[in-house]
Amino acid sequence: MAAMLSSAASSGAAAGRSPVSLADLIEARSIDSIAVSPDNRRVAFRVLRPSLRGNRIEAIWYALPLDGSGRLTRLGKVGTPRLEPFSDGVIEEQPVWAGNNQAIMMLGADSAGTQVHLLGPAGSDRLLTHDPADVEHFAVAGRGRIDYWTRNSRATIAAADARDARLGIHFDRTIATDGLALEHNFLAPAGWTTIRRMDDRRYRSANAGELRHRSTTVPAAVIAHDAPAAKPALINLMVPGGVAQRVAFGTREVGLLPLDAGADRMMPRYRLASFDQARIAQCEDPTCAGTNVELRLIAPGKGNRVYFLREDHGSARTRLYAWDVESGAVSLIRDMEASLYGNSEMSGQPCARAGERLICVFAASSSPALLVAVDLASGRISPLYDPNRALRGRDYPSLSYLEWQDRYGRRTTGVLALPKMREGRRPLVITTYRCRGLLQGGVGHVAPEFMLAEAGFAVLCINSNQANNDLPPEVAGDDVLKMHKADIEAYRAIIARLDRERLIDPARVGIAGHSYSANIIAYAVSHTDLFRAAIIGSGISIDAATWWVTAPTADSWRRHDVLDLVHLPPANRDPAGIWKKTAPSLNADAIHAAVLFQPPESEYLMNTQLYAAIQDAGGAADMYVYPGAAHMMTRYPVQVAMRAQRSMDWFKFWLMGEGERSRLGGIYPAWRRLLAATNGPAGLSGISSATTPRRRTAQGS
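For what it's worth, our numbering labels the leading residue of the sequence shown as 26, then goes sequentially.
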C-alpha cells in the first residue's frame, strides 16, 4: 500500500513517463476543509486547483460516501477561495452539513461579498444570508435558524475609505508600511478594499468596525431539528486554541499539560495527559511530549487507548501512536513515511474523524495530495479520492530522506533530490524551511527541487526543527537569533556530510528561502561563507532599516512581537552595538554570495537597505518585485511560476558552468553586468569546483 501511495519513480527513468514539469508543480491540486457528516457516512472537502491559463486558484467542493458504495458528487459551482488579507494565504473553511446530509453550508466569497452559501448537487448554490456586510463566521442556532457575525456594511466601509482619502489618512500603528499602498491595497472578490493591521498577525478593512451578531431563518430541510451541539471527537493542535482544548474520553477527558512553565522558549512544549476530576495521569513516554509542531492531533479511541499523531524534529513525516492510559504504554501504530497534512506547508485542519477512522490528506515528497481514510487501530490507509492522477504518473528524480545531527547533537531532517544521470560532484541548492507533502520549492514555492535536479543540481529541502531553538552558550553567546543560528548549524553539518560523501562541490552551494528562512539566509550570507548564491523570497525582519520601515510608530506591535522573537533590542536603544554585529546590511562587506531578492509587493521595502548595501559593497544583488502579490505569493499562479523559473536561472547562472552563464547573460543582461563588476573572493566569474570559499569562524556563525 505504501508503495502505491508514494511515487515509484525513484530508481531510474520510468518507461513511458515524462519528467515532472514546472507547470505540473504550479498546478498541483490540494485538498482542505474536510468535514464528515453527522452520521459518519459521507465526507465533504474542497479541492484547490491553481490555473496558469486563468491565473487564479479555483475552488471545487465535493461529497463522497465513506462506505465505497457511491460516486463522487460535486457540490455547488466552481468558485475561488477566500484569501487572508496581507498574506494572501488561502483561508481554510469549516463547512457544516445540512440536515439531509446532501448539502453543506459554508462561507463563500464573490461579487456579493462573503455570505453563507448552501451548496448542493448539480451545481446548486443558494445564498442563506443576504447581508450588506461580509459574514465573518456562522453557527447553527437550532431548528431553521443560523447565527452569524458581521462588521460594518461594505457600503459604509467604502464611504469611510473615500472620506479618509479626501481628508488624509491618520498615520498610526495600523498602517502597513512594508510595501502596501495606503488605500485600496487588498483585492477581495467583491472589489478593492483598504486593510490595516489589527495586531502583528491580523489584518482587516480599515473601517470595518466592531463585530455584530445577527440571525436568519433558513429552510427546514437545511436545519431540520434542534440537535445538541456535537461533541468534538478529536483535538487539532494546529488550530488557534487547540492546545487548550480537551475532549471526552469515557468518564475522563484528554488534552495537554504545559511544560517548561516560565522557560524562555521560542515554542512552548506540552505533554499528553488524561484528566479524571482532580486526578491527572500523564503520559511519560518521550513521544507524548513536544511542541504543537511535533504533537499534531489527539483522538480518543475505544477501551483505554488514546491515539495521537506526531512529527519528530519538524520532519513533515507523520507517525500514528496509541497511548494506553491504564498501563502507560505507548505503541507505534504506523509510520506513514509521508505527511497527513497535504501539499500545504502549514495546513490548519488536515483530518476529520469518522467513527474509528481519520479522514486525512496524504502527501509525500513525490506523491501529491490524496484523500485517504486511516484506521486508527491498525493504521491501514485506504485511498478515497485522487485529484492528481496525471501528476502522480510523472517521472521523478531520485529522492532520499535524510536525518543528521549538527556538532551539538541537534537533529534535522530533509529530502535530497539527485540527478539521475550524474558524474562527480554536483552544485547543491538548499530549499527551506518545511518539506511537507509534495516538494514544490520549499515554503513559498521559491525554487523547485525537481526541475533543479533535472538540470543537474543536487537539491536538498531542509525542515526547520523548531525544537532546536536552544543553542548551547558556547555557540549562541546570547539569545540573539538563536533559532536562526541553530538552522545555520544544520546547514553547515549537512554540507560537510555531503562533501565527505563526494556528492557535492562545497564551493558551489546555493540556498533559497521565504518568510522565516529569508531571515536565516540574510544572516547566513553576511556572517558565514557557506553559500555562493542565495535567493530571498520575502521581506526580512532582522535588518536595521526594516525596524524603522515596518515599525515607525512607538506603539507598533512589531516593535515587541518581532524583537521578542529574535531577542534583538530596540534599534534606538542599543548601547552594546548588537544591531551593528547582527544586521545583514551593516555587514554587507562580508557578503560573498550573489543574492537575488524576489519579494511580493506587499513587503519589498523590507529588503531595500540590504539590496543597496550589497551593491555599495561591490557585491552582486538583483531584485524583482511582484505587483499585487502578498506574503505567501499564492494569488497569481503565473507569478509563482515566473519566480520559480527565475530562481532556477539564478542558480544556473552563478553555480553552473560558463555555458549557462553565457546563455542566461543574454536573457538577463543585468546579471552579466553584475558578474563583471563583482569583487568577491577569486571573482565570481572564476567559479569552479576548485574555488573553495573562505570559512569565517565568527561567534554564532
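Every residue, glycine too, gets a C-beta built ideally from N, C-alpha and C.
Quick one: what's got a C-beta closer than 7 angstroms to Gly-138's C-beta in the same chain, skipping five residues either side?
Asp-159, Arg-179 and Ala-215
DSSP state of Glu-319 mapped onto helix, strand, coil
Note: Glu-319 maps to coil in three-state DSSP.
Using a threshold of 8 angstroms, state whether the C-beta atoms of Leu-409 and Leu-89 are closer than that.
For the pair Leu-409 and Leu-89, the CB atoms are nearer than the 8 angstroms cut-off.
Taking the beta carbon of Leu-334 as the centre, do at least 16 other beta carbons fall within 10 Å, making it buried, or is it exposed?
buried
Leaving out five residues on either side along the sequence, give the residues of the same chain with a beta carbon under 7 angstroms from the beta carbon of Thr-154.
In chain order, Gln-140, Val-141, Val-160, Tyr-173 and Thr-241 place their CB closer than 7 angstroms to the CB of Thr-154, counting only its own chain and leaving out the 5 sequence neighbours on each side.
Of the residues Ala-246, Asp-431 and Asp-411, which one's Cα is nearest the Cα of His-338?
Asp-431
Let me make sure I understand the geometry here. Which of Pro-422, Asp-360 and Val-331 has the alpha-carbon closest to that of Arg-757?
What the structure shows of the chain is the stretch from 26 to 726, and residue 757 is not part of that stretch, so it cannot be assessed.
Between Phe-163, Ala-655, Ala-184 and Arg-414, which has its C-alpha nearest Ser-540's C-alpha?
Ala-655
Cβ atoms of Arg-330 and Asp-349: under 8 angstroms apart, would you say?
At a Cβ-Cβ threshold of 8 angstroms, Asp-349 and Arg-330 count as neighbours.
What residue does the beta strand (DSSP E) around Tyr-173 start on, and which one ends it?
170–178
Glu-428 to Ile-455, Cα distance in whole Å?
The alpha-carbon atoms of Glu-428 and Ile-455 are separated by roughly 15 angstroms.
Please work out which residues of its chain come closer than 6 angstroms, Cβ to Cβ, to Gln-307, disregarding the five sequence neighbours upstream and downstream, and give them in chain order.
Correct list, in chain order: Arg-296 and Ala-298.
Residue range of the beta strand (DSSP E) that includes Glu-621:
Per the sequence presented here, residue 621 reads as Leu, with Glu not at that position. Per DSSP, Leu-621 belongs to the beta strand (DSSP E) from 619–622.
Work out the CA separation of Phe-676 and Ile-529 for me, nearest whole Å.
15 angstroms
Pull up the DSSP beta-bridge partners for Glu-83, would you.
Looking at the DSSP output, Glu-83 bridges to Arg-74.
Boundaries (first-last residue) of the alpha helix (DSSP H) holding Gln-670
662–680
Here's the rule: buried if 16 or more other CB atoms are within 10 angstroms of the residue's CB, otherwise exposed. What is Leu-152?
Counting other Cβ atoms within 10 Å of its Cβ, Leu-152 stays below 16 and is therefore classed as exposed.
Just to confirm my understanding: we take Asp-504, look at its own chain, exclude 5 residues before and 5 after, and list those with CB closer than 6 angstroms. What are they?
Cβ neighbours of Asp-504 beyond the five flanking positions: His-592.
Nearest to Ala-766 by CA position, among Ile-85, Arg-304 and Arg-688, is which residue?
Here the chain comprises residues numbered 26 to 726, so residue 766 is not present and cannot be evaluated.
Output yes or no for whether 8 angstroms exceeds the beta carbon distance between Phe-475 and Leu-485.
no
Which of helix, strand or coil DSSP assigns to Trp-217
strand
Looking at the structure shown, is Gln-140 part of a helix, part of a strand, or coil, going by DSSP?
The answer is strand: DSSP assigns Gln-140 an E or B state.
Straight-line Cα distance separating Pro-283 from Arg-736
Residue 736 is absent from the model: the chain starts at 26 and stops at 726.
With Leu-282 as the anchor, note down where its beta strand (DSSP E) starts and where it stops.
277–284
Could you tell me which of Val-587, Asp-580 and Ser-76 sits nearest to Ile-565, measuring between CA atoms?
Val-587
What residues in its chain sit with their C-beta under 6 angstroms from that of Trp-604, if we drop five residues either side in the sequence?
Ala-569 and Ala-596
Residue nearest to Ala-642 in terms of C-alpha spacing, selected from Val-650, Pro-652 and Ala-615:
For Ala-642, the nearest C-alpha among the options comes from Ala-615.
Short check: CB of Val-279 to CB of Arg-271, under 8 angstroms?
yes
Pull up the distance between the alpha-carbon of Met-681 and that of Val-45, whole angstroms please.
22 angstroms
Determine the direct distance from the alpha carbon of Leu-47 to that of Arg-419, and round the result to whole angstroms.
Rounded to the nearest whole angstrom, the CA to CA distance from Arg-419 to Leu-47 is 12 angstroms.
Which same chain residues, not among the five before or five after Asn-704, have their C-beta less than 8 angstroms away from its C-beta?
Reliability of the predicted coordinates at Asn-704 is poor, the pLDDT of 46 falling under 50, and the value obtained from them is presented with this limitation in mind. Gly-643 and Gly-644, listed in sequence order.
With DSSP collapsed to three states, give me the class of Glu-685.
helix
Is the CB-CB distance between Asn-317 and Leu-262 below 8 angstroms?
Yes; because the gap between Cβ atoms is below 8 angstroms, this pair is in contact.
Label Ile-305 either buried or exposed according to how many other C-beta atoms from any shown protein chain fall within 10 Å of its C-beta, with 16 as the threshold for buried.
That one is exposed.
Can you tell me which of Pro-624, Gln-491, Asn-488 and Ala-702 puts its alpha carbon nearest to the alpha carbon of His-617?
Closest option to His-617, Cα to Cα, is Ala-702.
What alpha helix (DSSP H) runs, 4 residues minimum, are completely inside the stretch 484–556?
For the stretch 484–556, the full-length alpha helix (DSSP H) segments reaching 4 residues or more read 498–501, 507–525 and 541–552 along the chain.
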